[in-house]
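Residue numbers (my numbering): 6 to 277.
By construction, the Cβ of each residue, glycine as well, lies at the ideal position given by its N, Cα and C atoms.
Here the structure is a predicted model, which is why all the values come from computation and not from measurement.
As structure tokens, then:
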């Protein structure tokens, strides 16, 4: 429920502010991706969001601000904080939140209200990065971050019967790498914190990228941006051919041995 609240608050903040004529005055498309870990595998849930560089106005015209990001960070901070805490308050009022251990005190109305007041009184700081330099950068970003787990094998330096040592990035020391040793039980505990709930959708699409209207809306955007002629070359291609044509990526060729990777096909299950 709290993960869903993050998605709802983030998407509503972007959609509402982008539709405001003070900032863009258009409907945008964006992708939200949940991450729950930090470098040390501590619990750090946050949403990564990728936005289109512009959007469609109410009269179906393309609108953008050139290379400038159209949403002020300070405004994003306040609106997102308000929307997330409203989601949290609603869940509490509907008795959908379950508290354990030291958090059991938040079952009390006054204690929970104090928590909300404390959160409202704290500055929330979103981080906005520079616009991607072309579609290739978007593909590289998605490839690095969307399907990662809390830790990869190459970061595990050594282990024994009792401990695990792995590399972590020290952001307080200019992002330098250092070693961290913890018990095996603690390592497993931290790792399991980041296993998503069953059937949980980590990558979600909104606005112009919503699955129900994506084909129609993106076709309109491409026509408005003069991409119709360019897209016609790709219309009859399958995705592996498109990736090779645009970016030289041969997804059907093994990078290790150069062998050809067969195209997966559906097979009927064998009868016992």
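Distance between residue j and residue i (C-alpha atoms, nearest Å)
i	j	result
residue 266	residue 257	5 Å
residue 58	residue 37	15 Å
residue 103	residue 116	15 Å
residue 177	residue 184	14 Å
residue 156	residue 221	39 Å
residue 158	residue 61	43 Å
residue 186	residue 171	7 Å
residue 39	residue 213	20 Å
residue 196	residue 13	26 Å
residue 226	residue 25	20 Å
residue 264	residue 51	39 Å
residue 262	residue 95	55 Å
residue 229	residue 63	14 Å
residue 127	residue 69	32 Å
residue 208	residue 151	7 Å
residue 145	residue 135	15 Å
residue 97	residue 71	42 Å
residue 198	residue 217	33 Å
residue 54	residue 111	30 Å
residue 194	residue 42	13 Å
residue 101	residue 154	28 Å
residue 28	residue 66	16 Å
residue 254	residue 113	56 Å
residue 215	residue 163	44 Å
residue 204	residue 8	13 Å
residue 161	residue 200	18 Å
residue 35	residue 168	41 Å
residue 120	residue 99	17 Å
residue 108	residue 11	20 Å
Extent of the continuous beta strand (DSSP E) to which residue i belongs
i	result
residue 68	67-69
residue 209	208-212
Residue i: first and last residue of the uninterrupted alpha helix (DSSP H) it sits in
i	result
residue 18	7-24
residue 164	Where residue 164 is concerned, there is no enclosing alpha helix (DSSP H), although the beta strand (DSSP E) it sits in stretches over 161-164.
residue 251	244-252
residue 224	219-229
residue 29	No alpha helix (DSSP H) contains residue 29, which DSSP labels as neither H nor E.
Three-state class that DSSP yields for residue i in the structure shown
i	result
residue 53	strand
residue 60	strand
residue 37	strand
residue 170	strand
residue 81	helix
residue 114	helix
residue 134	coil
residue 106	helix
residue 240	coil
residue 158	helix
residue 76	coil
residue 200	coil
residue 101	coil
residue 205	coil
residue 232	coil
Beta-bridge pairing of residue i - partner residues as DSSP gives them
i	result
residue 44	None; residue 44 has no bridge partner.
residue 181	175
residue 265	258
residue 186	170
Near the ligand NAP: residue i beta-carbon under 7 Å from a heavy atom
i	result
residue 220	Among the components of this structure there are no ligands whatsoever, and the ligand NAP is therefore not found.
* To do: State whether the segment 70-80 contacts the segment 38-47, with contact taken as three or more CB pairs (one from each stretch) at a distance under 8 Å.
  => Counting C-beta pairs with one atom in each stretch, the segment 70-80 and the segment 38-47 have fewer than three that are closer than 8 Å, which means they do not touch.
* Asked: Are the segment 80-95 and the segment 121-137 touching by the rule of at least three beta carbon pairs closer than 8 Å?
  -> Remark: three or more beta-carbon pairs, one from each stretch, lie closer than 8 Å, so the segment 80-95 and the segment 121-137 are flagged as touching.
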